[in-house]
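Written below as structure tokens is the structure these notes are about.
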Ligand SMILES: [Fe+2]
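In the numbering used here, the protein residues as written are 14 to 266.
Structure, rendered in structure tokens:
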């Protein structure tokens with residue numbers, strides 16, 4: 014099994030706090046049957062400048078080559094394309110899939126144009142945990158443009174397990190029913206809190222929608238090999254606004 018989203022590398026972002034924490038995560042991965050982990054430390058301009066080269070170096074220095082593959086979770090903004098051109102940002106495992114996250118506080122109208130720039134540059138854009146952005150769960154039709162231009166979607170395993178609250182969980186399952194769960198990643202940040210849990214979530218998904226757990230497991234392998242995915246039939250979300258329970262939400266960054 015492959016985890017496509019993990020803050021495993023210590024001391025580079027808000028993930029593992031030291032090598033013991035990282036080793037604890039690796040032990041959990043072993044128990045989960047995860048044999049390949051994509052390290053995706055945050056890349057956020059001026060805050061987490063984790064270049065692709067730095068991620069590769071960390072993996073090498075820590076003796077994790079082979080089991081851990083390089084990636085980044087790129088905070089999408091006006092400078093993202095420039096960093097890609099400079100080579101600071103690259104796709105996962107050097108391929109064409111790029112994991113991007115958005116701001117939690119509010120939707121930016123420029124997001125779609127930034128995504129189109131990245132696609133034109135040659136990336137396959139994967140939106141990290143769309144279920145956690147309250148502006149999407151309150152207004153799912155905002156996602157339709159991202160579906161239209163060919164984005165992929167990575168949902169956190171913890172979202173299906175209720176880790177981020179009921180609204181996030183409900184929206185994660187709505188995305189599953191709408192054919193919008195291309196990947197499930199743990200987005201694990203440590204060995205004590207937000208630990209790597211994938212297996213249970215995939216089992217739950219398989220029950221919610223027959224075969225979905227197997228599809229996302231297979232897609233994760235395709236991602237690291239830079240191969241084409243199994244893309245499910247997308248259902249537009251334009252009519253879903255009233256079906257999602259609105260309410261107060263919390264930030265669990
Ligand atoms: Fe993350």
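We put the beta carbon where it would ideally sit given N, CA and C, even for glycine.
The C-alpha of residue 109 lies about 7 Å from the C-alpha of residue 135.
Judged by the Cβ position, residue 93 fails to qualify as a neighbour of ligand 1 at the 7 Å threshold, every heavy atom of the ligand being at least this far.
Under the three-state reduction of DSSP output, residue 152 falls in the coil class, being neither helix nor strand. Remark: the shortest separation between the CB of residue 29 and any heavy atom of ligand 1 does not fall under 7 Å. When DSSP states are grouped into helix, strand and coil, residue 40 belongs to the helix group. The closest CA to that of residue 153, considering only 185, 40, 62 and 78, is found on 185.
Where residue 90 is concerned, there is no enclosing alpha helix (DSSP H), because DSSP gives it neither an H nor an E. Per DSSP, residue 214 is one residue of the alpha helix (DSSP H) stretching across 212 to 221. Near ligand 1, residues with a Cβ at less than 7 Å from any of the ligand's heavy atoms are 18, 20, 53, 55, 86, 114, 141 and 200; the list follows chain order. Counting along the chain, the unbroken alpha helix (DSSP H) around residue 190 starts and ends at 179 to 190.
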